[in-house]
Structures are given as C-alpha cells and as structure tokens.
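The next block holds one structure in the form of structure tokens; read it before the comments.
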Amino acid sequence: MEQNNELSWSISFCIGVLAVSSVFMAFLSNFVADCVDSVTAGFGWTEIFVGAIVIGIIGNVGAIMSAVIVAYRSKVDLSFEIGMNAASQIALLVIPTLIIASSIVGKPVDFLFSPPQIAALIGSVMIMTQISQDGRCNWLNGLQMLIFFGVISVLFYYDPT
1 MEQNNELSWS
11 ISFCIGVLAV
21 SSVFMAFLSN
31 FVADCVDSVT
41 AGFGWTEIFV
51 GAIVIGIIGN
61 VGAIMSAVIV
71 AYRSKVDLSF
81 EIGMNAASQI
91 ALLVIPTLII
101 ASSIVGKPVD
111 FLFSPPQIAA
121 LIGSVMIMTQ
131 ISQDGRCNWL
141 NGLQMLIFFG
151 VISVLFYYDP
161 T
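Take the UniProt record's numbering: the final residue in the sequence shown is number 161, and no numbers are missing along the way.
In structure tokens, the structure reads:
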C-alpha cells in the first residue's frame, strides 16, 4: 500500500489555523491568569507554587503528552529530548522575552529568587547534567527526576516568598 505524502492543507489555510489557535490560546492564557488569585486564595497555595508548578504543568501539557507517547513506544531518548527542549525553550526564550517586554510596557518583572529556590535550580541543573552525560536515559533516571520534581513541588508549596 502506497502512502500519499502530499500536503492536504494549503499554506494560507495553515496560517489561518495557526492565527485562530493563537488567538484562542491568548484568550485561554488570559483566563488562567485571571484565575490565579482565586486559586491561590481558595486552595491556600503560594503564588510561586501556582506559577512554577501548576502553570508549568498546564503550559507544557503538549510536550508532556508527546514525551509520554514516544516513551510508551520505547523511544525513551526522544522522550528525554522533548523534555529537555521544552525546559530550554522556557529558560532561553520565554523568560528573557517576558523580562524585556515587561520593561517596554512599563511594568518591569524582576526574578528574585530565595536561597531555597536557588538550591532547587542548582539541583535541577546538576541532576539533568548527570543524567544527560552518557547520552542514554532509563527508568531509574526518570524516577530520579520525578522524585526531585516532587521535592521541588513541596518546597514551592511551603515557601512563603
């Protein structure tokens, strides 16, 4: 059976779908941002927990699902790369863009970290460096990352800053 590799969507249709989905995502992002105050008050969660853990998971659900699907298909290395690239994209693109854009609009955002948050960041970098050094990933590495994520989640849950 022969596969047809031709594109079924035109370029203009693809651009239209991207534009509509971008507008939809902007609407949903605004809705999530408006709900943060009521969620923090209702559940008693700190803003750092909601911002770093809850919104971090919600914002990366596409990458998380892709990583889980390819890991299920025994492509653990690809799954690891998806996770690493999602984190790198946030660190190298989104955060600097947010800081620059906030200064341009006159509401500067500062990233001031407490000592426990700095320790969590250093620990995350050390674990990811140790895991990625040999170029292979297994279930034990995944368990190690999940446990450290749990530790960071608890830290951010109880961190008053």
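Glycine included, each C-beta is placed from N, C-alpha and C at the ideal position. As the structure is a computational prediction, the values presented were derived from the model and not from experiment.
### Task
Have a look at Tyr157, Val154, Leu143 and Ser8 and flag the residue whose alpha-carbon is nearest the alpha-carbon of Phe80.
Leu143
### Query
Taking DSSP as the reference, what is the three-state secondary structure of Trp139?
helix
### Cβ-Cβ separation, Ile57 to Val32 (assumed contact under 8 Å), whole Å
Not confirmed; about 12 Å, so no contact.
### Query
Touching or not, the region 123–133 and the region 142–156, by the rule of three or more beta carbon pairs under 8 Å?
yes
### Task
For Ala86, collect the residues of the same chain with a Cβ closer than 7 Å to its Cβ; drop the 5 residues on either side in sequence, then sort them by chain order.
Asn60 and Ala63
### Expected contact under 8 Å - CB spacing of Thr109 and Ile118 to nearest Å
Looking at the sequence provided, one finds Val at residue 109 rather than Thr. Not confirmed; about 18 Å, so no contact.
### Task
Please state whether DSSP places residue 194 in a helix, a strand or coil.
No answer is possible for residue 194: it lies beyond the span of the chain, which begins at 1 and ends at 161.
### Message
For a minimum of 4 consecutive residues, which ranges assigned as the alpha helix (DSSP H) are wholly contained in the UniProt domain "Sodium/calcium exchanger membrane region" (15–157)?
### Response
55–59, 61–72, 76–89, 95–104 and 115–132
### Task
Would you mind working out which of Thr40, Asp77 and Phe13 sits nearest Asp134, comparing C-alpha positions?
Asp77
### Task
Thinking Asp159 and Pro116 are a contact (beta carbons under 8 Å), I'd like their distance in whole angstroms, please.
6 Å
### Task
Could you check what DSSP says for Ser8 in three-state terms: helix, strand or coil?
Here Ser8 sits in coil by DSSP.
### Arg130 versus Asn141 - alpha carbon distance
Inspection of the sequence shows that residue 130 is occupied by Gln rather than by Arg. So the alpha carbons of these two residues sit roughly 9 Å apart.
#### Entry: Distance between Phe43 and Cys14 (C-alpha atoms, nearest Å)
40 Å
### Ile95 beta carbon less than 9 Å from that of Phe113
no
### Query
Do you know offhand how far Ile82's Cα is from Ala91's?
14 Å
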